[in-house]
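In the working numbering, the protein residues as written are 258 to 649.
C-beta: ideal position from N, C-alpha, C; glycine also.
None of these values were measured; they are calculated from a predicted model.
These notes are about the structure you will find just below.
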């Protein structure tokens, strides 16, 4: 795939990267400028060029652990507004609405769980527990920012005035389906229904090619690793938190959740090996799909790349409009194709990796992630930048 780490290149995409980087720098500077002396040490971190800061930048989560930074709940209303304005610069209009909805869904989850889950805090399910952190000074040659909390992780890197990386990009939903007065709330409806429609459209031979496993793995396989590698298998819940719980009771809760998930999937070590991330990818390739199925595959990819600012999403759409490119995209499925049953799918080519699972809480707890196998966190471009500095 041509272009910078953030995706395919074009004149429009190049100009968009600069425009997005400028908007991010302005919004980040405004937010930092509003903070007190007590708040700044949590919000502002060293540049990604600093080894300790870079190690922290690569430490990302999607569990309700402490993500690092200044929490939304610890900000004044005006500061919260500035934080959300920065968040909006890194997302499309639909992407922002989806993320904001997932953040608010913590109120619903609190009720679903009977207000009993606390994770050692006064309130365990809290729409204010999303952390924002800036790495470096906005507008400098290299700087980055992230926002993360339960079921959200957004990571952006700017180099030389250009937005060069927007992944990993994680969005989850618990509950995945919620009844409303006169309707239903499903933040990840598009990614789930489109993939199921594609899986159901496959004939018997095609489905055999696509099937990763008859049962769904209980989480995304790539986990929260900073880089995805060939042979990676699903991580367990204990490893998806920032450190271990000092409270034995909380540690026991995490272990129990993990055991229930494993029991629900019925997976053994050999099953996990069967659905491991592989390069080249598993599943059925785009070249083995008919035109209707290829349309569904394109639409599915766009539901993930469409999280990014519109200019970048459009560049991805143009890239995957190529039949030659789509031929190399693989789609894999695990589990039942029946609505309401546990399932998992994966979309992968030489660069993009998409994963989705809806298995926990009786298939009403969904995870989705968009990753770049070559340039998550912009690591390739940052390495080039360091090498360039070393030779100056």
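- In this structure residue 375 is exposed. Its beta-carbon is surrounded by fewer than 16 other beta-carbon atoms within 10 angstroms.
- DSSP places residue 562 in the uninterrupted alpha helix (DSSP H) bounded by 548-562.
- Separation of the CB atoms of residue 340 and residue 414 is rounded to 19 angstroms, and the pair is thereby denied contact status at 8 angstroms.
- Between residue 473 and residue 589, the gap from beta carbon to beta carbon reaches 9 angstroms or more.
- Each residue's CA atom was taken as its position, placing residue 505 and residue 387 some 25 angstroms apart.
- Residue nearest to residue 621 within the set 633, 436 and 591 is 436 (criterion: CA-CA distance).
- Counting of Cβ neighbours within 10 angstroms places residue 550 among the buried residues, the total reaching 16 or more.
- When the Cα atoms are used, residue 384 and residue 583 turn out to be separated by approximately 38 angstroms.
- Residue 442 sits away from residue 557, with the two beta carbons spaced by 9 angstroms or more.
- Under the criterion of beta carbons closer than 8 angstroms, residue 642 and residue 416 qualify as touching, at roughly 6 angstroms.
- Ranking 271, 332, 617 and 324 by CA distance to the CA of residue 295 puts 332 first.
- The beta-carbon separation of residue 536 and residue 576, rounded to 20 angstroms, does not stay under the 8 angstroms limit for a contact.
- Judged by DSSP in its simplified three-state form, residue 367 adopts helix.
- Only residues of its own chain outside the window of five on either side were considered, and among them 412, 627, 628, 629 and 633 have a CB closer than 7 angstroms to the CB of residue 424, listed in chain order.
- The residue from 367, 534 and 636 with its alpha-carbon nearest to that of residue 469 is 534.
- Selection 471, 483 and 348 evaluated against residue 568 yields 348 as nearest (Cα-Cα).
- When only Cα atoms are considered, residue 644 and residue 311 end up about 16 angstroms apart.
- Under the three-state reduction of DSSP, residue 306 is assigned to coil, being neither helix nor strand.
- Here residue 308 is exposed, its C-beta having fewer than 16 other C-beta atoms within 10 Å.
- Cβ-Cβ distances below 7 angstroms link residue 514 to 494 in the same chain, with the five nearest sequence neighbours on each side left out; the list follows chain order.
- In this chain, the beta strand (DSSP E) harbouring residue 588 covers 587-592.
- DSSP, read as helix, strand or coil, puts residue 603 in strand.
- If you look at residue 510, you'll find it isn't in any beta strand (DSSP E); it sits in the alpha helix (DSSP H) that goes 505-522.
- When only Cα atoms are considered, residue 346 and residue 462 end up about 44 angstroms apart.
- Counting along the chain, no alpha helix (DSSP H) covers residue 385, and no H or E run does either.
- In this chain, residue 474 is not harboured by any beta strand (DSSP E), its DSSP state being neither H nor E.
- Per DSSP, reduced to three states, the secondary structure at residue 635 is helical.
- In the DSSP assignment, residue 527 falls within the alpha helix (DSSP H) that extends over 526-531.
- Here the alpha carbons of residue 531 and residue 639 stand approximately 34 angstroms from one another.
- The beta carbon of residue 313 is closer than 7 angstroms to those of 302 and 325 in its chain, skipping five residues each way along the sequence.
- Per DSSP, residue 582 is not a residue of any beta strand (DSSP E); the alpha helix (DSSP H) it occupies stretches across 580-584.
- As the crow flies, the alpha-carbon of residue 491 is around 20 angstroms from that of residue 598.
- The Cβ atoms of residue 475 and residue 617 sit closer than 9 angstroms to each other.
- By the neighbour-count criterion, in which a residue is buried when 16 or more other Cβ atoms sit within 10 angstroms of its Cβ, residue 368 is exposed.
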